[in-house]
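A.B. asks: Okay, here's the structure, questions in a sec.
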Amino acid sequence: MELCVIGAGYVGLVTAACFAEMGNRVVCLERDAHRLAQLRQGLCPIHEPGLQVLLQAGMQRGVLSFSDDWQASLANAQVVFVAVGTPSHEDGSADLQHVLAVADSLGQHLSHSCLVVNKSTVPVGTAERVATHIRQGLRARGAAGAIDVASNPEFLKEGSAIDDFMRPDRIIVGTNSQVAAQTLQRLYAPFVRNRERILVMAPRAAEFTKYAANAFLATKISFVNELAGLCAQLDVDIEQVRRGIGSDRRIGSHFIYAGCGYGGSCFPKDVRALIRTAEQHGYTPAILQAVQARNEQQKTWLFNALQQHFGGFLRGRVVALWGLAFKPGTDDLREAPSLVLLDALLAAGVRVQACDPAALAGIAERYPVALTNGQLKLCDDPYACVEGADALVLVTEWKQFRQPDFPRVRGLMRMPVVFDGRNIYDPSELSTLGYLYHGIGRPPVGHCKVTAA
Ligand SMILES: NC(=O)c1ccc[n+]([C@@H]2O[C@H](COP(=O)([O-])OP(=O)(O)OC[C@H]3O[C@@H](n4cnc5c(N)ncnc54)[C@H](O)[C@@H]3O)[C@@H](O)[C@H]2O)c1
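Set out below in structure tokens:
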């Protein structure tokens with residue numbers, strides 16, 4: 004099929020690359036000139052395992068191209084995917100300016116019948132709004148063409164996006180049109196060969212399903228984090244409790260890890276948007292409000308624990324951070340817990356040494372002053388990062404940090420203290436090596452006398 008994907012971000016690029024890989028001809032339309040130039044040179048502008056190879060393969064076979072020309076990109080398109088950002092307004096609602104701007108551009112440039120498919124995460128009723136915008140544009144130009152708008156929310160996870168797209172748990176197709184449903188079923192057929200996983204439903208139900216899924220996953224995380232806080236009071240290790248409940252098939256073992264909070268471009272904004280939608284309808288979303296509040300609190304956990312450890316005096320301390328991206332496998336820093344911690348540490352006069360396999364460039368862009376005045380140092384090597392540190396904080400559980408040479412780390416640090424923001428280390432092993440270990444929702448293990456800064 005001839006496809007156009009609008010927006011070359013995490014979702015748009017993966018969608019374009021995967022459909023091209025299956026033999027479709029795809030034009031990816033992007034308005035950011037810098038990003039477009041990178042893509043045309045075969046360079047992937049984001050860190051996503053396997054994506055660059057797939058993009059280059061599609062370009063070499065001549066089935067994938069990048070453009071900012073609406074007319075040319077749409078000329079042959081049978082299906083147009085919209086994959087632009089939907090950030091939060093100040094009141095928490097989804098900001099639809101990019102989606103509606105795309106709809107207006109489609110109204111200005113489409114001149115044949117086609118199916119428009121919304122992949123962006125959008126509130127209930129947006130497919131209808133998009134259709135209205137497009138049709139208004141077509142009418143104003145006296146252009147022909149029947150436009151159908153379907154909802155097809157995306158469920159990929161950054162860090163494993165290609166695999167998620169190629170082997171989806173399910174594909175949600177929101178449409179009332181049998182023809183549109185059949186078109187999408189045909190397009191997705193190569194991705195669901197071994198099991199029927201395409202669920203066709205009303206567009207409004209499809210739009211809501213995406214928010215419901217993210218809100219549920221965020222709820223699991225905040226629920227466990229709430230229990231972790233109580234565990235800390237009761238001298239109970241949340242890790243033992245997690246294993247205990249996760250083995251129950253009704254509960255499941257995923258998304259029940261205690262940690263320093265969820266971040267990223269989806270959970271925080273989607274929970275906020277769902278809360279706002281409920282409020283706009285006079286409905287009190289008490290559970291979602293608690294999920295959000297718990298997560299905000301959770302993001303301050305590491306800083307509070309550091310402050311307590313140093314008796315409230317953090318100025319002049321050196322703290323090493325391992326992991327900055329909101330999760331392993333991505334360079335995405337949107338709403339990352341690391342940013343809340345970094346802001347607090349820098350404001351408290353701490354010298355921060357930070358290491359991340361993919362997100363250092365993003366951090367450098369965000370903290371130019373601290374970098375210039377030397378309060379923040381970015382390190383490629385985890386061992387260089389801990390040199391002279393008064394504490395080590397694991398924020399993002401990249402594989403590189405999972406099994407470090409802890410005796411070597413101890414030799415490099417000024418004080419052997421570890422704050423494990425993802426509960427990945429073995430407390431007894433670390434205490435045997437002479438560390439003081441702090442995890443989230445687990446009793447501290449070991450000793451370390453705090454000396455002057
Ligand atoms: N990132 C994820 O893991 C993920 C997963 C599932 C769903 N989503 C949803 O998918 C949507 C896109 O997310 P993302 O993370 O890919 O966003 P992103 O910010 O990474 O990418 C959006 C891209 O669209 C481009 N763009 C914006 N307006 C445009 C226009 N008018 N014309 C052409 N290009 C335009 C931007 O320049 C940018 O490159 C959001 O609604 C998000 O909630 C994201």
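For the sequence shown, the positions run 4 to 456 when the working numbering is used.
Just so you know, even glycine gets a beta-carbon here, dropped at the ideal spot from N, CA and C.
What you are looking at is a predicted structure, and each value in this text was computed from that prediction instead of being measured.
So, Ala221 versus Phe158, is the Cβ gap smaller than 8 Å?
C.D. replies: In this structure, Phe158 does not lie closer than 8 Å to Ala221 by Cβ.
A.B. asks: Excluding five sequence neighbours on each side, which residues of the same chain lie with their C-beta closer than 6 Å to the C-beta of Ala183?
C.D. replies: Leu118, Asp151 and Ala153
A.B. asks: Just to confirm, are Cys263 and Trp304 a CB contact at a threshold of 8 Å?
C.D. replies: yes
A.B. asks: Excluding the 5 residues preceding and the 5 following Thr287 in the sequence, name in chain order all residues of the same chain whose CB lies nearer than 8 Å to its CB.
C.D. replies: Correct list, in chain order: Ala281.
A.B. asks: For the region 161-178 against the region 208-216, do three or more pairs of beta-carbon atoms, one drawn from each stretch, fall closer than 8 Å, so that the two count as touching?
C.D. replies: Contact between the region 161-178 and the region 208-216 is present, because at least three Cβ pairs lie under 8 Å.
A.B. asks: Using a threshold of 7 Å, is the CB atom of His112 nearer than that to any non-hydrogen atom of ligand 3?
C.D. replies: By its list of ligands, the structure shown excludes ligand 3, since it contains just ligand 1.
A.B. asks: Taking Asp334 and Ala308 to be in contact with their CB atoms under 8 Å, please state how far apart those CB atoms are, rounded to whole angstroms.
C.D. replies: With 8 Å as the limit, Asp334 and Ala308 do not qualify as a contact, their Cβ atoms being about 27 Å apart.
A.B. asks: Return the CA-CA distance between Tyr428 and Arg405, expressed in angstroms with no decimal places.
C.D. replies: 7 Å
A.B. asks: Going by other Cβ atoms of all chains shown within 10 Å of its Cβ, with 16 needed for buried, is Leu233 buried or exposed?
C.D. replies: exposed
A.B. asks: Does the contact criterion of 3 or more C-beta pairs under 8 Å hold for the region 312-319 versus the region 344-362?
C.D. replies: Look at the beta carbons and you see the region 312-319 touching the region 344-362: at least three pairs across the two are nearer than 8 Å.
A.B. asks: Under the rule that 16 or more other beta-carbon atoms within 10 Å means buried, what is His284, buried or exposed?
C.D. replies: Flag for His284 reads exposed.
A.B. asks: Please indicate yes or no: does the CB of Arg38 lie closer than 7 Å to some heavy atom of ligand 1?
C.D. replies: yes
A.B. asks: Determine the closest residue to Asn298 out of Phe226, His450 and Arg369, with distance taken between C-alpha atoms.
C.D. replies: Phe226
A.B. asks: Taking only heavy atoms of ligand 1 into account, decide whether any of them is closer than 7 Å to the Cβ of His92.
C.D. replies: No, Cβ of His92 sits at least 7 Å from all heavy atoms of ligand 1.
A.B. asks: Starting from the C-beta of Pro193, find all residues in its chain whose C-beta is less than 7 Å away, skip the five residues before and the five after it, and write them out in chain order.
C.D. replies: Met25
A.B. asks: Of the residues His450, Arg245, Asn217 and Ile259, which one's Cα is nearest the Cα of Ser268?
C.D. replies: Closest by C-alpha distance to Ser268, out of His450, Arg245, Asn217 and Ile259, is Asn217.
A.B. asks: Since Thr399 contacts Leu344 with CB under 8 Å, what's their CB separation in whole angstroms?
C.D. replies: Rounded, the Cβ-Cβ distance is 11 Å, inconsistent with contact.
A.B. asks: Relative to the C-alpha of Ser116, which residue among Val105, Ala261 and Ile137 is closest?
C.D. replies: Ile137
A.B. asks: Can you name the start and end residues of the beta strand (DSSP E) that Glu28 belongs to?
C.D. replies: The sequence shown places Arg at residue 28, not Glu. Note, Arg28: beta strand (DSSP E), Arg28 to Leu32.
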